[in-house]
Structure formats: C-alpha cells, structure tokens
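Below is one structure; the comments refer to it alone.
Chains as they are written, first to last, in the working numbering: chain A, 1 to 792; chain B, 1001 to 1253.
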C-alpha cells in the first residue's frame, strides 16, 4: 500500500466518521446549527452608508487632498435644483417671483449654509461714489418690464452666472443649495435633507406648475447610492426563487429543495450576523453579498444531494448509506472548492476600495458557513426528513442526449487536439490583445443606469445647463493676505484665461474674476477697469469694501481662506471619462508649474478626480492580490491533484477565461470600472472548480484504470460533464440576476463574470482536454492512485 | 360655561404672551438705559480668526463710538492691520428704523465710498461676526419675548425686524445684577437652527457704570470656525463730537 492510499483512506475515514456522527446526532446537529444561526442572526444589523467617501480608504491621497481643500475653505455638499419653465424664458415677472420664492424657501433646508440663485446673485454696481451691492432681482413681483429686461441683460452677461446658474439662452436656471452635513450619520442626515427638498419641490410645483424641476448634486448622489444598495439587496429575492427552482428541477425532491433552502438561508443569516458584529455599513458593492452567497453556496448542497439521490435512485442504496457514501465522495471536493472561493474573495482585501473589502470578507465568511452547514445541517436534515425509496431511474432522453453531446465533444477533442489547441490559443491570444484596449472609466454619474432618476436628472443638467464634474485647485500666494497682490492676481487671471481656452471647460470660478468685477465697480462701472487692480492696497481695500457688503451665506469664505493667503479655483468641465479627466487636471497642474512661481503650484482635486483615479489605484493594489490568489489557488490545485506539472498546466484554463472575458468586454464597452478590477481573484476562486473536477477525473482514469490520455478525456467528459454544466448554470443565473442591477459597479462586474464563467466552461471542455492529451506521455500510465481529493 | 372657560384660557394665553413681550421689551430698555450716558468712547482691539483646523489670522482695529439718544449711535472703525488695509475706515450711522448709513474710506485711492447695501447679515471682514452683530444694539431693531429668569440672569428672545437679517431669532442672556450686561447670545439662522454662540468674558466696570467685556468669543457651530475680539483698551474720556464722525473725519485717519 503506498502513501497515497494511506492518505486516501484516512480522508475517507474522516468523511465517513463525520457523516456517521452527523446522522447519529442529527437532532443535536440540527438544533445546534439553528442555535448558532439564531445567535449570529441576532447580532445582525443592516446599516447602509451612501456617502461617496466610503469608496476611498483613509490613506487615499486624492481623498486627503480633497479633504484638505474643503477644510481650508468650506466643506460643501450640495443639491442643485434645475428649473425649466415651459415658456422657455426665465425673465418674466411670474417666473422670477417663483424663483425668488423657491430660493427663499431653500434656506429652510436642514443644514443649509448657502443658497445661490439667479435672483439673489449679489449684483455690484456704482453710481458716482456710491457702491450698490444687492440681490439681482429682489421683490420681483413689483418689477416693471424694463427693469426685468435690465435684469436679463445683466444676468446673461455675467460670467459668474452664465453656464453655471443660467444657460446662455436664459431658458433654464439653477438654484444651488449648499449644505454642511454634520457627518455623524449620513443614513439620517441625508434623508432629512432630501425629504425636505422633495416636499419643497412638491409644494412649489403645486403653486407654479409651469416649471419642470430636475434634481442633482452630491446629496442626491448619496441618496442614489443608498437606493442602489437597497435595490441590489432586493435582488436576493429573485435569486432565492431561482435557487429553489433549480434545486427542485435538478433533484426532483421537495425534501432536498427544502434542505438546500435552509442551508443557504442559514448561511445568509449568519453573514448578516457577521455584518452586524463587524459593524459594516453596507454600500452598493457590498450589498450584493446575499445574492453572491446564495449563488456560490447552493453548489455545495447540490453536489452532496445529487450524489445521494443518485445512489438511492440508481443503486437502490438505503438513505443513510447513500448519505454516508455521498459525504465520503463529496466532502473533500466541497472543502477544496469552498477554500478556493474563500481565498478568491479574501484577496479583495488587497485592493484600495473599502466596500470591496467588506464584500470579500462577508462572502468569505458566508462561504465558510455554507461549507459548515452543507456538511452538517444538510446531511442531518436529510436524515431527519422522510424520503421515499426511489424507483430505478430509466435512462431518459435527456441523459441520452447528454451522452451524445459529451461524445461529440470528446471525440472532437480526441481527433483534433492540435487544431483545437492552435485555434483556442489564437482566439485567446487575440482576445488577450484586445483586453489591453480597455480603459478605466469611473464616471460616477454613469454608475447609475438611465432607469435611475438621479442619472436622468443629472444628464438633463449636463445637456441643458452646466457640467456636473469639476476640478478644483487651491492656489497659494506665498504670504498672509497675498491674494491681493497684483502679481498673484494677474497670474491667477492668466490661469483663468488659459482654462477658458481649454475645450473641456464650461465654467471657471476664480477669485481673479471677483477682483476684476470689484475694480470695475470702484471705477464707476467702467469696462476699461474690468481688470486686476494696480496695487495691493487697492485690491485689499476693495475686497474689504466688497466683503462688508455681502449678505449672510453669500460670503467669499468658499473662495478664499481665513488668512487670505490662498484662493480656490473651481473649473466646471464637460462630461469626461476618467483618463481624459486625469489628463485635464494634469494639464492644469503643468500649466501652473510652468507659468507661475512655486507657491502657486497646486494639484487638482475633486470627487470626480478621486473616482477617476480609483480604478487605477484599485488595479495597482489588486495586482498583488491577484498574484497571491493565483499562487495560493495553484498551490491548492497542485496539492489536490498531487501533480506539479498538471498544477502548472491548470493555470492556462484558469487565467485564460479572465483574459477572454476582458477581451470580449473590449468589444462590448471597452471601458472598465473599479468594480471589475476584483473580478480576477473572485472568478479564479470560482472557475477553478471546473478545472479541478475535470483534471481529477482525467487523472483517475489514467492512474487507476490505466487509460490512454484519449480514453481518460472521454471518461472525464462522461463523469463530470453534466455536473460542470449544472454548476455553471447555477452560477450564471446568479450573476445574470446581479447583472440586472442599475448600479454599474455591480452590473458590469456581474456581466463580465458571466462571460468569464462561460469562457471557463468552454475552455475546460476544449482547450483543457486537448492540452491534457498533448502533454501526456504516449506510453500507458502506470496504475497509480489518483488524488485523494477527487474520485467521484 | 364652556365658552367662558375657553375665552378665559384664550385671554390668559394672549395675556401671558403679551406679558412676555412686554417683559422682554422692558429688559431691553433697561439694558439700554443702564448703558446710557457714556457719550463717547474709543477702544483698540484685536480680531483673531480661527478655522476648523486651528489656522489663525489676525486683524487690528480701532473703534470710536458716539452716543446719540434720539437716533442710533455713530461709529467709526479704523483698520490698523493687515498692512494692505491700514488706514481703511468705516463710518456708520445706525438708525433706529431705516437702514443704517455707511461709508468707507479707501486710502489707496483717497476716496470715500458710500456702501449702499441693505445687506447687514454678511460676515465682517471674513470673521464669524456679522455686521449686524457688531452694530449698535438699538431697542427698535427687535421685537421681544421674555423666556426665563435664572438667579440673576434674564433670558430674552429677540426677533429682528429687518427682513434681510440673517437670523430668525437671538436668545440673549442679561445679567440684571451687573447693569443688564449681556453674558451670551445664541444666534439662530433662517431655518431656525443654532448657528453661533457669542460669549462675553472679562467684564470691567468703567466710570462705575459701564460694563465692557474685554473678550468676545464667537463660535460658529455649523462651520466650526471661531472669532475672538480682544479689547486691548477702553477710553471713555475722549470727548468725541459729531465732527469726529463725518466723511471728512474719515479721511483724517
């Protein structure tokens, strides 16, 4: 007896003893599982976090830079209300009155700190030595036609307003409400703001039905994140139905279906407990965990149940014997596949995006629990539940069809291994090349598909009024009060001018504009003075005068710091994809470093830039994680197969599907987001199962039965072909459900996973057997025991 | 019978409401009276601005005030630092009912500009003080409601009359044992959320009648920014007259 056999026997013994123990103590096992689940479940808490900051780790340099900027000036979250009157003219008495009223109302928004609208724009004008600073349209109801025409003229020629608060045609305008959220609990604060805004809009539209209103901004974005999380969590229900149906069709047994359902439910309830214990707040990426666990966990149960029912139905074994036999045959495969899946999900921790750490950890925990429950609750329940002794299954049409289907495939591979290898490698090579054509794109507005109100409203705003993305630079002057230095202001002005020359730019808000405007007003509104003041004293004193004339909430604190040593430039840009966005921000930084003194150099920051760089950052950090996953999983494979060469060979069918997936994606969208970066490690843990099953059957045929490579391939097809198709279908249905998500981080991830899983099955059925045949020595293998782990 | 009770309850409510109003007004008048007769004063002060991260910025000012009885006080503020605004000064005539008049002298162009803005709610030179917090506190600028009496403290709620005020209300704590001096003010913004708290500290008694705090500390609860006014000196013997509060006087500084 060789060493393999010894190990095989001890593993066998362990599985048999385990099964016997479970059957003997079936009630204890079942009750303790229920108790464990209840205890875990009671710790459970589903809290959501919609703040976009959750996507960034504490050490994320872009987040740090952005927070630093917000600390210097004001920390702004906003709600933009875009008003489009049916008559396409903002400048009527009625419309201005309505806007003025809504602006007034908007001040009542919880946590609001500032409201900018066309009516309360602080219009500065001069009359002799008097300086007037006042709302552009105050008490609009009493304005004459000519006064309204004046207001129109002023508004449409005011650079601070056009393309920001009003469109050049004067048919669409915005009210921008700045809120300062305390940030203690976004799950409470954000709905408080949004409910107030929604109520305000409803009231307003009742009174002024002529307005169409679209809502966007950072607060609605947060709301959309919240809603996406909950919607994706609701997909669990659909998946549950699919699981019940699939299990029932495959097992044709109510008891088995019930047992499977309990196992997956227990696994999910336990994971919810894990979420509560770890204090994880769910975000859109992590909120898909129940569907994922369902999808992945159900395979364990199906394997165990199918073998058991087959033993009862075909071999007329007694229930307990069939159960023990099924446990003996499946214990190690289920353990190994669970292990690889857990490894795959745990590697998400290498990334730089916290929601995916959560997803990885929750699913890894859920899968561990699923393994535990599949090997305890499931056999216990099957032992408890009465099961009729099955009739002998007649070979139905389906299996004959399967047989033929397998035979066709295997004979094809056996006859043409070289051709198949060459063609496959060519296709894989081509798609691999294509996969490099993908570019990262994390335009966070586009995370939401067109069915989401936030997305359609935001699209409306970018089509009709202004850009929704921006880049900000905090530009220092090198000294306290230095923003009044004409040298600084002139450079700032040049920067502003340069920005306006860029094709991407829609609007620039810079302090140099304020300085020019005040200078003009100080010189009797003479257009010739619409330039930077001549001396620092003038600039400083004008600014002092101007600041004294501004009302509550419309001060310059959002543009200049307390020390007056730095000012903020906000550039509103068109919708750019991530690489263009990064390139644009970089161009701005480069311009500053080439044309200005050191102290004026600044880096561009904004939420959009943070998201733009997120994909790259995640990819870089996940690279290490993917290598680790590949190494670990290959190691598990080599151990499981007890063959170093085949372990290495298995890398091909495990890595190729991911390359194929991204290659096909390049043909489909060619843009990948942060959610898809995790796909490699995750799918690796899942698709490796196919390879392992196929290879172990091949090896068994070679070692135990001494078959030729060709015959061994045939054997592998016959034994695991159907099982692999079955598990693939279950996996596909799970990820297809997820691919319906309205949230792109989830739906894209699911879609590419679908492609990868299909590719994996095809590669395992074509390229893998071809390679096995080609790499096997021609001489008949010595009879040898195959892996201890797989010998169904 | 039922109606009578209802009427009585209603009357009582109206009565207590109007009583609270009267008592609030009384206190405001008493406070004004207690501070009456200082005629004129001059002080130098330092304004310290602090943001959320503790970054600090300073300005130095001189303030001169002329007391008027029939109308609001006149005041003149001269900036001594930062350097680039040195010599810039504002002259304000507060009025009891109409909007205040305000002029600014800009030494860089040697011109006096009249600021014709009804905006009094904005921050004063980037600080947490609004102009309306600093201007002379005329009784007519608010309506009142007495809230409570605690030991020697009287708490009165004040509602600004000016629709352009940045506040819905202020809650003012007076010290009735010390010439009705103000101990603290809570400011509520337009949506009636607590915005700022101003505390007065280190009071000194001048001429045995006039209480002046050496330190005013304004904390903005929403932005977490702070501003401190430190009065370095008070002079009640300057004997200023109307002539010291004219546009020409502005230029002289």
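The C-beta atom is built at its ideal place from N, Cα and C for all residues, glycine as well.
These figures come from a predicted structure and were not determined experimentally.
Per-residue contacts from residue i into chain B (C-beta, under 8 Å)
i	result
residue 555/A	1122, 1123, 1126
residue 71/A	1051, 1052, 1053
Proximal residues to residue i (C-beta, below 7 Å), its chain only, five neighbours per side dropped
i	result
residue 442/A	578, 611, 612, 614, 615, 673, 674
residue 808/A	Within the shown structure, residues of chain A are numbered from 1 to 792, placing residue 808/A beyond reach of any answer.
residue 400/A	Because the pLDDT at residue 400/A is just 46, under 50, the model does not fix this residue reliably, and the value given afterwards should be weighed accordingly. No residues qualify anywhere along the chain.
residue 103/A	115, 117, 119, 120, 175
residue 1030/B	1180
residue 1234/B	1041, 1043, 1206, 1212
residue 572/A	164, 466, 467, 470, 506, 507
residue 781/A	For residue 781/A, the predicted model reports a pLDDT of 46, less than 50, meaning its position is unreliable and no value from the coordinates is stated.
Beta-carbon proximity list for residue i, same chain, < 6 Å, skipping 5 on both sides
i	result
residue 1185/B	1170, 1172, 1198
residue 369/A	267, 270
residue 417/A	770, 773, 774
residue 40/A	270, 273
residue 192/A	110
residue 85/A	95, 210, 211
residue 760/A	657, 687, 690
Cβ-Cβ separation, residue j to residue i (assumed contact under 8 Å), whole Å
i	j	result
residue 454/A	residue 224/A	4 Å
residue 457/A	residue 215/A	5 Å
residue 1057/B	residue 1066/B	In fact, because the Cβ distance is near 30 Å, the residues do not count as touching under 8 Å.
residue 472/A	residue 565/A	The pair is not a contact, with the Cβ atoms about 17 Å apart (cut-off 8 Å).
residue 474/A	residue 568/A	5 Å
residue 1084/B	residue 587/A	Actually they are not in contact, since the Cβ atoms of residue 1084/B and residue 587/A sit about 33 Å apart, beyond 8 Å.
residue 376/A	residue 29/A	5 Å
residue 23/A	residue 383/A	5 Å
Chain-ordered neighbours of residue i on chain B, where CB pairs are closer than 9 Å
i	result
residue 108/A	1190, 1191, 1192
residue 209/A	Those within 9 Å of residue 209/A in chain B number zero; the least Cβ separation is about 26 Å.
Under 8 Å from the C-beta of residue i: neighbouring residues of chain A
i	result
residue 1250/B	Here the premise fails: no neighbours, minimum Cβ distance about 12 Å.
residue 1130/B	552
residue 1222/B	111, 113, 180
Where residue i falls, given that 16 or more other Cβ within 10 Å makes a residue buried
i	result
residue 340/A	buried
residue 27/A	exposed
residue 80/A	buried
residue 422/A	exposed
residue 1123/B	buried
residue 363/A	buried
Close beta carbons around residue i, own chain, < 8 Å, minus the five adjacent residues each side
i	result
residue 547/A	555, 556
residue 1140/B	1096, 1097, 1161
residue 143/A	93, 96, 137, 151
residue 1242/B	1066, 1074
Partner residues on chain A for residue i, Cβ-Cβ distance less than 9 Å
i	result
residue 1057/B	480, 481, 561, 562, 563, 564, 565
residue 1115/B	130, 131, 132, 133, 545, 548, 549
Chain-ordered neighbours of residue i on chain A, where CB pairs are closer than 7 Å
i	result
residue 1027/B	Those do not exist, as residue 1027/B stays about 26 Å from chain A at its closest Cβ, beyond 7 Å.
Looking at chain A, which residues of the region 1143 to 1174 of chain B have a Cβ within less than 7 Å of any of its Cβ atoms?
1164, 1166
Members of the region 460 to 487 of chain A that neighbour chain B once the beta carbon cut-off is set at 8 Å:
480, 481, 484
Taking a cut of 7 Å between CB atoms, which residues from the region 1184 to 1196 of chain B lie near chain A?
1190, 1191
Relative to chain A, which residues along the region 1091 to 1113 of chain B have a C-beta separation below 8 Å, given in chain order?
1102, 1104, 1106, 1107, 1108, 1109, 1111, 1112, 1113
So if I threshold CB-CB distances at 8 Å, which residues from the region 1076 to 1090 of chain B count as touching chain A?
1079, 1082, 1083, 1084, 1085, 1088, 1090
Selection of the region 1045 to 1071 of chain B by Cβ proximity to chain A, strictly under 7 Å
1049, 1051, 1052, 1053, 1055, 1057
Determine which residues of the region 564 to 588 of chain A have a Cβ less than 9 Å from any Cβ of chain B, and write them out in chain order.
If the cut-off is 9 Å between Cβ atoms, the region 564 to 588 of chain A has 564, 565 near chain B.
Looking at chain B, which residues of the region 523 to 552 of chain A have a Cβ within less than 7 Å of any of its Cβ atoms?
Listed in sequence order: 535, 536, 537, 538, 540, 541, 544, 545, 547, 548, 549, 550, 551, 552.
Check each residue of the region 66 to 95 of chain A: if its Cβ is closer than 8 Å to any Cβ of chain B, include it; give the result in chain order.
So the list reads 71, 72, 74, given in the order they occur along the chain.
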